[in-house]
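Sequence lines, in order, name chains A and B. Each number in my numbering corresponds to the 1-based position in the first sequence with 1457 added. Each number in my numbering corresponds to the 1-based position in the second sequence with 1457 added. In what follows, a single structure is set out as structure tokens and then discussed.
Number of protein chains: 2
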Amino acid sequence: MDDKVTITDVAKLAGVSKSTVSRYLNNGYISVEKQERVRAAIAETGFKSNFFAKRLKTKESKLIGIVLPRMDSVSVGKLLSGLARIFEPLGYQGLLLVSNLSAEKEVSSIESLLQQGVDGIIVDSVRITERHRQLAQNSGVPLVITGQSEAGLDCIKIDDYGAGHMMGAYLRGQGHSRAVFAGVTETDNAVGIERRKGFLDGFTEGENDATVDFVQTGFDFLSAYNKAADILACKPSVIVGATDNISLGILRYLHERGIKVPHEVSVTGFGGYDVGAVVYPALTTIFFDYELVGMKAAQFLLDKLAGKAEHENLAMPLLFVERESVRNLKKGTPGESYDLRSMI
Amino acid sequence: MDDKVTITDVAKLAGVSKSTVSRYLNNGYISVEKQERVRAAIAETGFKSNFFAKRLKTKESKLIGIVLPRMDSVSVGKLLSGLARIFEPLGYQGLLLVSNLSAEKEVSSIESLLQQGVDGIIVDSVRITERHRQLAQNSGVPLVITGQSEAGLDCIKIDDYGAGHMMGAYLRGQGHSRAVFAGVTETDNAVGIERRKGFLDGFTEGENDATVDFVQTGFDFLSAYNKAADILACKPSVIVGATDNISLGILRYLHERGIKVPHEVSVTGFGGYDVGAVVYPALTTIFFDYELVGMKAAQFLLDKLAGKAEHENLAMPLLFVERESVRNLKKGTPGESYDLRSMI
DNA sequence: CTGTTAGCGCATTCAG
DNA sequence: CTGAATGCGCTAACAG
């Protein structure tokens, strides 16, 4: 309603020129006296500078395009929190698009964002295509990728391979030799392929009695739960869920069947958020700091915007969270820990 | 990089005037022959119309401002999913701002959004202030509120009072008379006040032997866990968490102490997402369809934009989810249900 | 320090 | 059906 008032109206009311008002708005030099008159005129008219006109001139939008695979997931939420934490104090705002886990949709979202004139783009990708690469290199606006890692592009991500490897090595150390990896389909490269491969390597490294079966599930509790019977049929000493959610679904199934964890079978996850600590037994897992990923990615984009950033392909540190769901086969059952505070 | 090409370049290459190109872009009449030439020129140059210039003329941004209290919460994620589901197919994009649970920050976010020239605003509010009201009524852009309900404003929300009442009545029906309501502080009006009041009314209605104690917690597992001892000190037959998270924290505490749920004490929550179904016992709760709230809010905003919507103050329907965590004191212990599929 | 003069890229009259 | 002309509201030289 009140966007009718323009810089011209203010200038008229203050008895100065448009440029003077513009200077007032943009830290240009202006005498204290006129400064005051302009201030008063702006207050009186309720003037708000027109965003589009301003951007048309300056070629800067202060807008960051953000492409996410989905909205209703803890990790995505954390990632967004991290992004907001960096961008927001600097006056950048986020333009949000959802790809629904489709690499094609990611691409079209990026194209759309480019047309909107965003200053930079962050895409939490499920898979990098050739078109991603083209856009990243030729669009003229900096693009940083989280979720996947691809040589030659700017990526900030969790070290999925490393996490898998760390878990594999840990479980070997606990004396396990028969594992089932319950994972998602290969459409998500990082989770579906790297994490799994890392686990395989870490678990079987230098050993010949270690076996790993693979059972495919979805990302949600229920689909994991539904595959639990298949998993059990492999007679594992440990079940490794590709995400905490998968592990929780399996834990529920085991509970229903009266199968004791970790006494009869061990279970681990990846993710490390609080939920894993409230179930019983609390889930041993690896903590992924997606908020940190968000912050790093944001900072990196900002650096690129400022021209002071070289190419980077960074993996965030991992934190192993040992809780109650793994049995040490070499020493028997672990002493159970009975305090949530120590596990969160 | 390729944003250099403007409508003028295309016109020149196609051998027509700028206006003709503009018409081509905006469904204006243009001969088939020139249509083809323009199409070719656009393809060749890789022309993308400049967003800001276009908006400067049309006064339409196709941008929806969205203000959220936080990012890392399931309900907020669901809400966003719902919004995206409606807005996205219509070419609207979301400009996202986070208020960090502060009503003041909400207001400044709204003001900022207004200045960006968004077509409409959705704010998931924690508390409505006088300034909210002013902005909603005088800013000239439609504003719909979720999360809170306020007379005279356009609100779409969960029926918090109704949910509380429903839960209260249910528990009375199960023969409970000593309850503890574990809730958050009153800064969140809907959760802190309405939900609690509804419960109080539903639980004590027409009875005089029913008592409800109140214990304050935060929104997270751990803070609820830390208050569990205080809660137990009240000797309740049932503990009512204001959110599922609160209830899960309490459930964990009870488990650690070996207190059987629901045999020794019952527990309920509010929210109804999947996590509550994977813990043991699975949590009896009330399902809030935040995704539906998002869809409704989006549609409502669209209707207002089209001028075909009257004022509205709508509450979404509730779904009672009976699982395993409540004991029927009139009939003894419920038969336990042993299948996740029936509870999700 | 300040006013004047030009556009930014596009949509839209208005005459053809 | 089409081209020429006119701003949308603002910033950035350019001379004062």
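Using N, Cα and C, we set each Cβ at its ideal position, and we do this for glycine too. Note that the coordinates shown come from a computational prediction; the quantities given were computed from them, not determined experimentally.
List, in chain order, every chain B residue whose beta-carbon is nearer than 8 Å to that of residue i.
i: G1625 of chain A; result: Residues of chain B passing the Cβ test: none, with the nearest at roughly 25 Å.
i: Y1481 of chain A; result: The premise fails here: Y1481 of chain A is roughly 16 Å from chain B at the closest Cβ pair, so nothing lies under 8 Å.
i: D1731 of chain A; result: D1677, F1678, L1679
Terminal residues of the continuous beta strand (DSSP E) containing residue i?
i: I1849 of chain A; result: There is no way to answer for residue 1849 of chain A, as the model of chain A reaches only from 1458 to 1801.
i: S1723 of chain B; result: 1723-1725
i: N1484 of chain B; result: Premise fails: N1484 of chain B is in no beta strand (DSSP E) and is neither H nor E.
i: S1670 of chain A; result: Correcting the residue type first, residue 1670 of chain A is Asp in the shown sequence and not Ser. That run of the beta strand (DSSP E) goes 1668-1673.
i: R1635 of chain B; result: 1635-1640
i: F1744 of chain A; result: 1742-1744
i: F1676 of chain A; result: Careful: F1676 of chain A lies outside any beta strand (DSSP E) and carries neither H nor E.
i: T1603 of chain B; result: 1600-1603
i: L1771 of chain A; result: 1770-1773
Which residues in chain A sit within 7 Å of residue i, going by Cβ to Cβ distance?
i: S1538 of chain B; result: M1528, D1529
i: A1510 of chain B; result: L1513
i: L1705 of chain B; result: V1735
Measuring only between beta-carbons, confirm whether residue i sits less than 9 Å from chain A.
i: F1757 of chain B; result: no
i: V1489 of chain B; result: no
i: D1670 of chain B; result: no
i: N1507 of chain B; result: yes
i: R1709 of chain B; result: yes
i: G1551 of chain B; result: yes
i: I1801 of chain B; result: yes
i: G1726 of chain B; result: no
i: K1475 of chain B; result: no
i: M1458 of chain B; result: No answer about M1458 of chain B holds up, because its pLDDT of 44 lies below 50 and its placement is not dependable.
i: K1469 of chain B; result: no
Check the Cβ-Cβ distances between residue i and every residue of chain B, and say whether any is below 9 Å.
i: N1646 of chain A; result: no
i: V1735 of chain A; result: yes
i: G1659 of chain A; result: no
i: H1633 of chain A; result: no
i: E1779 of chain A; result: no
i: Q1573 of chain A; result: yes
i: D1746 of chain A; result: no
i: R1496 of chain A; result: no
i: S1569 of chain A; result: yes
i: L1520 of chain A; result: yes
i: I1523 of chain A; result: yes
At 7 Å on the CB atoms, spell out the chain B contacts of residue i, in chain order.
i: A1541 of chain A; result: M1528, V1555
To the nearest whole angstrom, what separates the beta carbons of residue i and residue j, a pair I think is in contact under 8 Å?
i: I1743 of chain B; j: M1624 of chain B; result: 6 Å
i: V1736 of chain A; j: V1736 of chain B; result: 6 Å
i: G1597 of chain A; j: A1639 of chain A; result: No, G1597 of chain A and A1639 of chain A are not in contact; Cβ-Cβ is about 43 Å, not under 8 Å.
i: G1619 of chain A; j: L1776 of chain A; result: About 12 Å; that fails the 8 Å criterion.
i: T1741 of chain B; j: I1703 of chain B; result: The pair is not a contact, with the Cβ atoms about 14 Å apart (cut-off 8 Å).
i: V1732 of chain B; j: L1711 of chain B; result: Not quite, the Cβ-Cβ distance comes to about 17 Å (not below 8 Å), so this is no contact.
i: L1600 of chain A; j: I1578 of chain A; result: 5 Å
i: N1472 of chain B; j: R1496 of chain B; result: Contrary to the premise, residue 1472 of chain B reads as Gly rather than Asn in this sequence. The pair is not a contact, with the Cβ atoms about 13 Å apart (cut-off 8 Å).
i: T1700 of chain B; j: G1728 of chain B; result: 5 Å
i: R1835 of chain B; j: Q1605 of chain B; result: Examination of residue 1835 of chain B is not possible in this model, given that chain B is present from 1458 through 1801 alone.
What residues from chain A crowd round residue i, counting only those whose CB sits closer than 8 Å?
i: H1712 of chain B; result: Y1737
Along chain B, which residues have their Cβ under 9 Å away from the Cβ of residue i?
i: R1798 of chain A; result: L1679, Y1682, N1683
i: E1545 of chain A; result: L1554, V1555
Can you list the residues of chain A that residue i reaches, using a CB-CB cut of under 9 Å?
i: K1535 of chain B; result: M1528, D1529
For the alpha helix (DSSP H) that residue i lies in, which residues bound it at each end?
i: K1491 of chain A; result: 1489-1502
i: F1660 of chain A; result: 1652-1661
i: L1762 of chain B; result: 1747-1762
i: I1543 of chain B; result: 1531-1544
Legend entry - Touching by the beta-carbon criterion (3+ pairs, under 8 Å), the segment 1736-1750 of chain A and the segment 1685-1696 of chain B: no
Inset, instruction - Give a yes or no on contact between the segment 1536-1543 of chain A and the segment 1566-1574 of chain A, applying the rule of three or more CB pairs nearer than 8 Å. - result: no
Inset, instruction - Evaluate the contact criterion for the segment 1766-1785 of chain A versus the segment 1471-1484 of chain B: three or more CB pairs, one atom per stretch, below 8 Å. - result: no
Legend entry - the segment 1654-1669 of chain B / the segment 1598-1610 of chain B touching (three or more Cβ pairs under 8 Å): no
Inset, instruction - Give a yes or no on contact between the segment 1579-1589 of chain A and the segment 1548-1565 of chain A, applying the rule of three or more CB pairs nearer than 8 Å. - result: yes
Inset, instruction - Decide yes or no for the touch test of the segment 1677-1685 of chain B against the segment 1627-1634 of chain B: beta carbon pairs closer than 8 Å, at least 3 of them. - result: no
Legend entry - Contact between the segment 1503-1517 of chain A and the segment 1509-1518 of chain B (3+ Cβ pairs under 8 Å): yes
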